[in-house]
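Input: a single structure, listed below in structure tokens.
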Amino acid sequence: MTIGESIKELRENRGSSLEDYHVNKYISRIYSTNDNDDNNKNNSGDDGSSTTSTAFQPRNNKMCKDNVLKVLKESPVLKYIIKDMVRLGCLPPIIKCAPCKEESFGYFEPEEGIVICDNIQNFPQNIRNTVVHEMVHAYDMCKVKLDTFNCQHLACTEIRAANLSGDCKWEMELIRGQSSIFNHLKECTKRRAVGSLQTNPLCRDIAQKSVDLAWDKCNVDYSPFQTIPKNL
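For the sequence shown, counting from 1, position 112 maps to 112 in UniProt numbering; every step adds exactly one.
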């Protein structure tokens, strides 16, 4: 089945409960086959990077895809977000592994889908958090018609993604060398939201202000959950 046929089938069935779907069949609808990539080998050629930073490494497309598939199969948080996207009438984005030029674990673009960087030093926990983080952005694009030219809108989705993805779990903060116990969630969420906005030329100079303006409303918006999931 081609991706186009999969999308058509999903459109025809999106009114049905995803509880009726077999997980593997559903995953095939949103996971890119990346036919132009050499998915069965660990690529060691051009890694697509534009820097000599130690964060970059030779591409490992197969390992990246294996880890993404594991997340899709095993993360109840990710499954719940995807189910609610379909309930709202939206197609979940394609997810693919590809080399990145910037030092990032991954990103989401409405036209491209979710890209997980396969030439960055990465670990299964980082990949899990990144896939969920980017799926929150896709969910927000679906639910509220996110304006990508509005820095306050972007701040809101970054706040939500940091809260709901596990990015700011205490153990993740310890790995980053952030050892504060008190208010670590608030501090981490704000720091990461501001940092994300600062990479956007449109929002770079107003990143902190945009996060501050969006904070009170967006920090307590856990959609599609009632609260921050405990099984992140």
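Each residue gets a CB set at the ideal place from its N, CA and C atoms; glycine is no exception.
Rounded to the nearest angstrom, how far is the Cβ of residue i from that of residue j, given a contact under 8 angstroms?
i, j, result
"Asn163", "Asn200", "Actually they are not in contact, since the Cβ atoms of Asn163 and Asn200 sit about 19 angstroms apart, beyond 8 angstroms."
"Asn129", "Phe56", "Not really, about 19 angstroms apart at Cβ, beyond 8 angstroms."
Give the single residue among the options whose Cα lies nearest to the Cα of residue i.
i, options, result
"Leu78", "Ser165, Leu213, Pro124, Ile116", "Ser165"
"Asn60", "Val71, Ser196, Lys96, Tyr80", "Lys96"
"Pro124", "Leu154, Lys65, Cys90", "Lys65"
"Glu111", "Thr148, Leu213, Arg87", "Thr148"
"Ile228", "Ile81, Pro58, Leu72, Asn67", "Ile81"
"Pro224", "Val136, Leu202, Cys188", "Val136"
"Leu88", "Pro99, Ile127, Lys143", "Lys143"
"Lys101", "Pro58, Leu213, Gln226", "Pro58"
Cutting at 6 angstroms between CB atoms, please list the residues of its own chain near residue i, excluding the five before and the five after it.
i, result
"Asp38", "Note that Asp38 has pLDDT 45, beneath the 50 cutoff, so the model's placement of it is unreliable and the number below is only indicative. Closer than 6 angstroms at Cβ, skipping near neighbours: no residue."
"Leu185", "Cys168"
"Gln198", "Arg204, Ala207"
Based on the DSSP secondary-structure assignment, which residues constitute the bridge partners of residue i?
i, result
"Gly113", "Glu109"
"Cys97", "Ile116"
"Phe56", "Ile120"
Residues in the same chain with beta-carbon distance under 7 angstroms from residue i, minus the five sequence neighbours each way, listed in chain order, please.
i, result
"Pro76", "Asn231"
"Leu146", "Asp140, His153, Thr157"
Which residues in the same chain as residue i place their Cβ atom closer than 8 angstroms to its Cβ, once the five residues preceding and following it in sequence are excluded?
i, result
"Val131", "Val68, Val71, Leu72, Ser75, Leu78, Ile95, Gly106, Ile114, Ile116"
"Arg192", "Glu158, Ala162, Asp167, Cys168"
"Ser210", "Cys151, Gln152, Leu154, Ala155, Leu197, Cys203"
Contiguous beta strand (DSSP E) assignments of at least 3 residues, all confined to the segment 178-226: The qualifying runs do not exist here; there are none.
Any alpha helix (DSSP H) of 4 or more consecutive residues that is wholly inside the segment 130-171: Runs of the alpha helix (DSSP H) inside the segment 130-171: 151-165.
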